[in-house]
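Visitor: I'd like to ask some things about the structure below.
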Amino acid sequence: MKTLIAIPARYASARYPGKPLAVLRGPDGEKTLIRRSWEAAMAVTGTDRVVVATDDARIADHAEAFGAEVVMTSSDARNGTERCAEVAAILPGYDIIVNLQGDAPLTPAWFVQDLLAGLTGDPQADIATPVLRCDGRAVAGFLADRRAGRVGGTTAVFGAGGRALYFSKEVIPYTGRDYAPDEQTPVFHHVGVYAYRPAALAAYPAWPIGPLETLEGLEQLRFLENGRNVLCVEVQARGRAFWELNNPSDVPVIEAMLAAARP
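Residue 178 in the numbering used here sits at position 178 of the sequence shown, with consecutive numbering throughout.
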C-alpha cells in the first residue's frame with residue numbers, strides 16, 4: 001500500500017496564533033512544534049512520503065529550512081482533513097493518506113504503524129484513527145481541563161469491531177466514579193491522527209458541516225454524520241506519555257513529556 005503522511009499546519013489558530021512555530025525545549029535542544037511533528041512523522045517506517053501542508057509562507061519557509069517537503073494549500077481549508085484532501089488532489093496515486101496533525105509531536109511511530117495495519121486489515125473502514133485507554137490520572141486531567149474551561153483531550157466511544165460511535169471533548173462514557181491514578185478506566189483518549197482511504201477523503205470537503213461537528217468542533221464527526229465507517233484502533237503507550245498542544249498552557253506539559261520520553 002503506497003502511503004503518504006501529510007502534516008497540516010496553519011498559522012491563524014484562534015486559540016493559539018502562530019502555534020506551529022512555537023518553540024519546545026527538549027533533551028535535543030529547542031525546536032519548533034512543526035519541526036518536532038515532522039520528525040515524529042519521519043520516524044514512521046513503511047511509508048513513502050512525508051509533506052508539510054500549509055497556506056502560510058512563514059511556516060513553509062521554516063519547514064523547508066529544516067529539510068521538510070512542503071505542499072502549499074489554499075486558505076479555504078477549514079480543518080486538517082480538508083487540507084489533507086487538497087494534498088491528495090495535488091499528489092495523487094497513494095492508497096492511504098495519513099493526517100499527522102502539526103500539534104502532535106509526541107505521536108510515537110508505532111501509533112501510526114498500528115493504525116496503518118488496522119486500516120489495511122479492515123476493507124470496510126473508510127478512515128482509521130488511534131485510541132489510547134486512559135488511566136485515572138488522565139481522566140482526572142481531562143475533567144480538570146473541562147472545569148477550567150480549557151480545551152483538553154478528546155475522548156472516543158466505539159462498538160463491535162472498533163466502529164466509532166462518537167467523539168467528544170467531554171469525558172465519555174460517563175462512569176459516575178473516581179479512579180486511582182494508575183487504575184485503568186473505560187475512557188479512551190482519541191489520538192489526533194487519521195488514515196484515510198482516498199475516496200472518503202476526496203468526498204469529505206463537499207459534505208456540509210453538520211450539527212455535531214459544529215457543536216463539538218471535531219472534524220472527524222463529519223465522517224460519522226455522513227454514514228462513513230470510522231475504525232478506532234487501540235494503541236499501547238509503552239511507557240510514553242501523549243498530549244497535543246492545544247493551548248499555550250500545554251507547552252510546559254509537552255516539554256516535561258519530551259524530557260521524560262523513552263526511546
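Note that beta-carbon positions come from the ideal geometry of N, C-alpha and C, so glycine has one too.
Every value quoted in this text rests on a predicted model; they were computed, and no experiment measured them.
Give the range of the beta strand (DSSP E) segment to which S168 is assigned.
Guide: 164-168
Visitor: Taking the C-alpha atoms as reference points, what is the distance between I96 and R146?
Guide: 34 Å
Visitor: For P248, does the count of other Cβ atoms within 10 angstroms reach 16, so buried, or fall short, so exposed?
Guide: exposed
Visitor: Cutting at 8 Å between CB atoms, please list the residues of its own chain near Y179, excluding the five before and the five after it.
Guide: D135, G136, V139, A140, T185
Visitor: Buried or exposed for A156, going by 16 or more other Cβ atoms inside 10 Å?
Guide: buried
Visitor: Would the beta-carbon of A12 be found less than 6 Å away from any heavy atom of the ligand NAD?
Guide: By its list of ligands, the structure shown contains no ligand whatsoever, and the ligand NAD lies outside what it can speak to.
Visitor: Taking the straight line between their C-alpha atoms, what separation do you get for A9 and R58?
Guide: Distance between the alpha carbons of A9 and R58 is about 11 Å.
Visitor: Do the stretch 40-60 and the stretch 164-176 touch if we need at least three Cβ pairs shorter than 8 Å?
Guide: Contact between the stretch 40-60 and the stretch 164-176 is absent, because fewer than three Cβ pairs lie under 8 Å.
Visitor: Would you say R35 reaches chain C, if we count a Cβ-Cβ gap shorter than 7 Å as a contact?
Guide: No chain C appears in the structure shown, which is made up of a single protein chain.
Visitor: Between which residues of its own chain and E170 is the CB-CB distance below 8 Å, once the five residues before and five after are set aside?
Guide: R146, T155
Visitor: Just checking, does the stretch 101-109 make contact with the stretch 22-34 on the three C-beta pairs under 8 Å criterion?
Guide: Result yes; three or more Cβ-Cβ pairs closer than 8 Å.
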